[in-house]
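The structure appears right after this line, and notes come after that.
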Amino acid sequence: MRRPWVVGVSGASGTPYAAAVLRALLDAGEPVDLVVSRAARLTILDETGVSFRDAHWKDDLATWLGVDPGGADVQYWAAGDLAAGPSSGSYPARGMAVVPASTAACAGIAIGLSKDLLQRAAEVSLKERRRTVLVPRETPVTRSHLEHLIALHDAGAVVLPASPGFYGAGARASAQQLVDFVAGKVLDALGVEHTLFRRWTGELNARD
Ligand SMILES: Cc1cc2nc3c(=O)[nH]c(=O)nc-3n(C[C@H](O)[C@H](O)[C@H](O)COP(=O)(O)O)c2cc1C
Numbered sequence: 001m002r003r004p005w006v007v008g009v010s011g012a013s014g015t016p017y018a019a020a021v022l023r024a025l026l027d028a029g030e031p032v033d034l035v036v037s038r039a040a041r042l043t044i045l046d047e048t049g050v051s052f053r054d055a056h057w058k059d060d061l062a063t064w065l066g067v068d069p070g071g072a073d074v075q076y077w078a079a080g081d082l083a084a085g086p087s088s089g090s091y092p093a094r095g096m097a098v099v100p101a102s103t104a105a106c107a108g109i110a111i112g113l114s115k116d117l118l119q120r121a122a123e124v125s126l127k128e129r130r131r132t133v134l135v136p137r138e139t140p141v142t143r144s145h146l147e148h149l150i151a152l153h154d155a156g157a158v159v160l161p162a163s164p165g166f167y168g169a170g171a172r173a174s175a176q177q178l179v180d181f182v183a184g185k186v187l188d189a190l191g192v193e194h195t196l197f198r199r200w201t202g203e204l205n206a207r208d
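Following UniProt numbering from start to finish, the sequence shown increments by one per residue and tops out at 208.
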């Protein structure tokens, strides 16, 4: 039985985090179900120049990721499709990552709003007690956002802010290395092997 990871891309800044998670899951041979919110089309367009279209998702995904996911196991669901597989707990998803997670998506998932497929799939993932990782990206934050993050934590989600550490690649880390650090933490939380960052060895200043 196919047991995909659902990857939900919401409309927070930080589409490179989503791209890095998607590339790493596909590199690891994992099946992926992709949901891109309406607002995420704006951030993808703004941050990459790619117009992400439901009808041309394969081409647009290849352009966005910079790799051809031709042979990869990717299923795309439109954000407005509330009858899509991941909208039901009986669909055999393995878990879900919302990356990046907007404050709006965090709020909607925390209160069970299910205003689109991304929010519904995340609620399903939580209620089915599947691995659910949210990568919020906003700063500074309101009390209401913090309360939604606590509610998500209490519901079983891993709340994994887009907050890269510098110990992997050092103070001269490139933007891609910082992105890969966050993406690697997402894969750790899902339990998928990766080589996105250098792990801490217990030794200070052990980099090349
Ligand atoms: C270019 C751009 C950047 C944005 N960046 C953020 C952000 O970093 N964090 C956030 O919470 N919302 C951000 N927003 C606002 C969200 O897109 C907006 O709240 C939207 O309703 C989120 O909808 P979604 O959760 O359905 O994707 C941004 C919007 C745009 C157009």
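Just so you know, even glycine gets a beta-carbon here, dropped at the ideal spot from N, CA and C.
Within the same chain, Cβ atoms closer than 6 angstroms to the Cβ of aspartate 73 are found at Pro31, the five residues on either side in sequence being excluded. Taking 9 angstroms as the cut-off, the beta carbon of alanine 28 is found closer than this to the beta carbon of leucine 187. Taking the Cβ atoms as the reference, leucine 34 lies roughly 14 angstroms from valine 67, outside the contact range of under 8 angstroms. Proximity of the beta carbon of aspartate 81 to ligand 1 is not indicated: no heavy atom of the ligand is located closer than 8 angstroms. Nearest Cα to threonine 132 within the set Pro161, Ala162, Ser114, Arg94: Arg94. Per DSSP, reduced to three states, the secondary structure at arginine 23 is helical.
Residue burial is scored here from C-beta neighbours: serine 163 has fewer than 16 other C-beta atoms within 10 angstroms and is therefore classed as exposed. Here lysine 58 has no same chain residue with a Cβ atom under 6 angstroms from its own Cβ, once five neighbours each way along the sequence are excluded.
Contact between the region 97-112 and the region 139-146 is present: 3 or more CB-CB pairs across the two stretches fall below 8 angstroms.
Between ligand 1 and lysine 115, a heavy atom-to-CB distance of less than 8 angstroms is present. Shortest gap from the CB of glutamate 138 to any heavy atom of ligand 1: under 8 angstroms.
The region 74-88 and the region 46-53 do not touch, with fewer than 3 CB-CB distances between them shorter than 8 angstroms.
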